[in-house]
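Our numbering numbers the first residue of the sequence shown as 3 and each following residue consecutively.
Beta carbons: idealized from backbone N, C-alpha and C, even for Gly.
Worksheet for the structure shown next.
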Amino acid sequence: MTIKVEKFGEVLRRVFGSLENVPTKVGIGLSGGPDSMLLSWLLKTTNEQLMNNRLKIHAITIDHSFRAGSKVEAQKLTPTMNNWGIKHSIKSLDYGDADPKLFTNFEEIARIKRFEALNDLCCEQRIPFLFLGHHKDDQVETFVQRLQGNSSIYGLAGTRQVSPLPSSRDLPPLETKDGQVFLVRPLLDFYKDDIVKTCELHNIPYVIDPTNKNPKLTRRNFLRQVFGVTLPHMLNKHENGNNKSTSRHDTPNPPPPTTFPYANIMKEELAAAHNECVSLVETFEDKANLLHQILVRNGHLKKEPAIGKLSVELPRELLLNPNNIVTSRFFYQILYPYCTLNHYHWAYAKLERLVLPRMEAFVRAGNLGSKKFSLMNFIFHVTYNALSPTVFIEITHAPHSRCELQKYRWQQSVMNGAWSKWRLFGKRYWLSFKCNTPHEKMDIEVVPYDHKSMKTLIDESLRDSIDSFKFNTSLNTLPVVFFDGTIVSFPTLGYESHTLQLRWKIKENRFGYNSAFLSSIKS
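What follows is the structure in structure tokens.
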């Protein structure tokens, strides 16, 4: 089928609540292929026919600088965009002195740089929403790849219709306050064939990347060949065979039609299975978010970012199967600001398959007391009384290794009267300093606190201001500031000297509840 403007308008209404909620300035990730070209045309036409031309559309093409002449190819898109009243920008990726052709992981590096470039351009142009041309075939291919990789059900749900633009780094407070850029994928309801047919119907120009048709080049290309060419050809051959068997007049009792052996892995069947996963995931995430709200409302979730600590009091049954799939998601959505893992998007599997099973085993044993275990650079301290309906869980950061104690320390010169740039300490805390001394600058060192080796190095005046009950190993891994060989500040605790001012903020939660993003779009 072809995609009608009215149908596209319905998708926008579903995503944004109404066409009036679509922001006046939107971006499009434009490659020149049929997906992004049709998306540009649909947005342009919907703007003309249904939105009184109130949209300002900005197409952004990322030149990966991998092939000679790639920028010239990108520039060829500009006349069409101009004819459609769409502003067109081209951003070439910079790899420094490195040759991208020599990268063994070029796709990963290019993806990171592409999203960084898109984020920079959108922030610069104040574009809050970037439209992408991902479609249903993309979802099926991702679904199969993750199924083969033993992904959790949340991974099987694949790409969301609305999501924050992924970032390879945590942004400092001054950048995050400008607002998050969201990705919108309005073509996820449509197959690639629908897109190509619509382009042909309306004479929409597009280019085809020949490398996308090489099944030996990437796993995704192989799957594209299987689902788009091989299986349909086999099905057609099978149906023709059935027709010949049943049409023979010389056979009094022709055999019944046979079932196509690969029917369950046809693209349409896989798309239906994927939709079921999405439905389940949305239900689980809603329940995880509801759990978060209830715990906060009842005072059973205490967040203490200043000391890197979370305390949760959970009903016992939430740690037992099958409820732990929701509880795992709840923890995944709240732990990121406190976590120092390099690849947090893999953390959910650890929560579901390692952390929650340990908690469940302890609770099922019905013992009185507590249990501690370390995972994900956290210490989970679980306290349970068999007579109690709730379980108390305290989560703190695990002690640093010697290597980490060295890795997370830095030296810097703090200027008099001027705030320093925000800097991320220990993958958790953003810090900024300003000194108030007669001198031009103050040379400091920021390190993770280690009570055993540093308790005697705290400045006398600072020691007097610290509550004695807090002065113990619970302060380990928190940032401290050294000046002239003594500790003059515990930034996150508010303990500082009169010569050094500071600001701190725990990193933003980039892995929170997805519907929070949806509600912010519609607000």
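For ALA61, write down the residues that DSSP places opposite it in a beta bridge.
Its beta-bridge partners are ILE30, HIS90.
For CYS492, tell me which candidate among THR501, HIS500, LEU45, PRO481 has the shortest Cα-Cα distance.
A small correction: the amino acid at residue 492 is Phe; Cys does not occupy that position in the sequence shown. Selected option, being the one with the closest Cα: PRO481.
Taking the beta strand (DSSP E) that GLN182 falls in, what are its first and last residues?
Taken as a continuous stretch (DSSP letters only), GLN182 belongs to no beta strand (DSSP E), as it is neither H nor E.
Closest to ASP461 by CA distance: which of PRO102, LYS443, PHE485 is it?
Taking only the C-alpha atoms, the option nearest ASP461 is PHE485.
Pop quiz: ILE129 and GLY29 are said to be a contact at Cβ under 8 Å. What is the actual Cβ separation, rounded to whole angstroms?
Contact holds; Cβ gap of about 4 Å.
Tell me whether PRO212 sits in a helix, a strand or coil according to DSSP, three-state version.
Residue state, collapsed to three classes: helix.
Just to confirm the assignment, what range does the alpha helix (DSSP H) spanning LEU303 have?
LEU303 -> not in any alpha helix (DSSP H); beta strand (DSSP E) instead, spanning 303–306.
Using only alpha-carbon positions, find the residue among SER330, SER434, PHE184 that is nearest to TYR156.
The residue with the shortest Cα to Cα distance from TYR156 is SER330.
Start and end of the beta strand (DSSP E) containing HIS537?
Look at the range of the chain in this structure, 3 to 525, and you will see that residue 537 is not part of it.
Might you give, ordered along the chain, the residues of its own chain that have their beta carbon closer than 7 Å to the beta carbon of LYS115, omitting 5 neighbours on each side?
Excluding sequence neighbours, LYS115 sits near LEU95.
Does LEU354 pass the burial test, meaning 16 or more other C-beta atoms within 10 Å, or should it be called exposed?
With the sequence shown as reference, residue 354 is identified as Glu, and Leu is not the correct amino acid for it. Burial call: buried.
Provide the residue span of the beta strand (DSSP E) that contains LYS73, from first to last.
It is not in any beta strand (DSSP E) - LYS73 instead sits in the alpha helix (DSSP H) that spans 72–77.
Work out the CA separation of LYS507 and ALA274 for me, nearest whole Å.
Straight-line Cα distance between these residues: approximately 44 Å.
Do PRO166 and the ligand ADP come close, with the Cβ less than 7 Å from some heavy atom?
The ligand ADP is not among the ligands present in this structure, which contains no ligands whatsoever.
Leaving out five residues before and five after PHE105 in sequence, what residues of the same chain have Cβ atoms less than 7 Å from its Cβ?
Around PHE105: ILE111.
Are MET361 and LEU321 touching if we call contact CB-CB under 8 Å?
Contact flag set, yes.
Can you give, in chain order, each stretch of the beta strand (DSSP E) that sits fully within the segment 379–405 and has at least 3 residues?
Runs found: 380–386, 392–399.
What does a CB cutoff of less than 7 Å around PRO207 pick up in its chain, not counting 5 residues either side in sequence?
So the list reads MET39, THR82, once near-sequence residues are dropped.
Check whether the segment 406–416 touches the segment 438–456, taking contact to mean three or more Cβ pairs, one atom from each stretch, closer than 8 Å.
A contact exists between the segment 406–416 and the segment 438–456.
Can you have a look at ILE327 and say buried or exposed, based on whether 16 or more other CB atoms are within 10 angstroms of its CB?
Per the 10 Å Cβ criterion, buried.
On the CB-based measure, 16 or more other CB atoms within 10 Å of its CB, does PRO324 come out buried or exposed?
Its Cβ having fewer than 16 others within 10 Å, PRO324 is exposed.
Are the segment 301–315 and the segment 256–272 touching by the rule of at least three beta carbon pairs closer than 8 Å?
Judged by Cβ distances under 8 Å, the segment 301–315 makes no contact with the segment 256–272, as fewer than three pairs qualify.
With 16 as the cutoff for other CB atoms within 10 Å, does CYS405 come out buried or exposed?
Answer is exposed; the Cβ neighbour count stays below 16.
Given a cut-off of 8 Å on the beta-carbon distance, is the pair LEU495 and PRO450 in contact?
No, these two residues do not count as a Cβ contact at 8 Å.
Of the choices HIS137, PHE131, ASN277, whose alpha-carbon is the least far from that of LYS58?
The shortest C-alpha separation from LYS58 is found at PHE131.
Using three-state DSSP, classify ARG162 as helix, strand or coil.
ARG162: coil per DSSP, three-state reduction.
Specify the secondary structure class of SER313 as computed by DSSP and reduced to three states.
Of the three classes helix, strand and coil, the one that applies to SER313 here is strand, per DSSP.
Which of helix, strand or coil does DSSP assign to PRO130?
It is coil, neither helix nor strand.
By the three-class DSSP mapping on this structure, what secondary structure does VAL17 have?
The answer is helix: DSSP assigns VAL17 an H, G or I state.
So the candidates are VAL183, ASN55, MET268; which of them puts its Cα closest to the Cα of GLU143?
For GLU143, the nearest C-alpha among the options comes from MET268.
Only counting the same chain, and skipping five residues up and downstream in sequence, which positions put a Cβ closer than 8 Å to that of SER517?
Bear in mind that a pLDDT of 46 at SER517, under 50, signals an unreliable position, so the number given afterwards is only what the model happens to contain. The residues are GLU287, ASP288, ASN291.
On a Cα-Cα basis, can you pick out the residue from ASP122, LYS73, GLU22 that is closest to LEU52?
Closest by alpha carbon: GLU22.
Which same chain residues end up closer than 6 Å to TRP421 when comparing Cβ atoms and leaving out the 5 residues on each side of it in sequence?
Once the five neighbours on either side are set aside, the close Cβ partners of TRP421 are SER434, LYS436.
Hey, out of GLN295, CYS125, ILE64, whose CA is closest to GLN182's CA?
Of GLN295, CYS125, ILE64, the residue nearest in Cα terms is CYS125.
Could you give the first and the last residue of the continuous beta strand (DSSP E) run that contains TYR350?
Premise fails: TYR350 lies in the alpha helix (DSSP H), 349–352, not in any beta strand (DSSP E).
For MET568, report the span of its alpha helix (DSSP H) as first-last.
Nothing can be reported for residue 568, as the shown portion of the chain is limited to 3 through 525.
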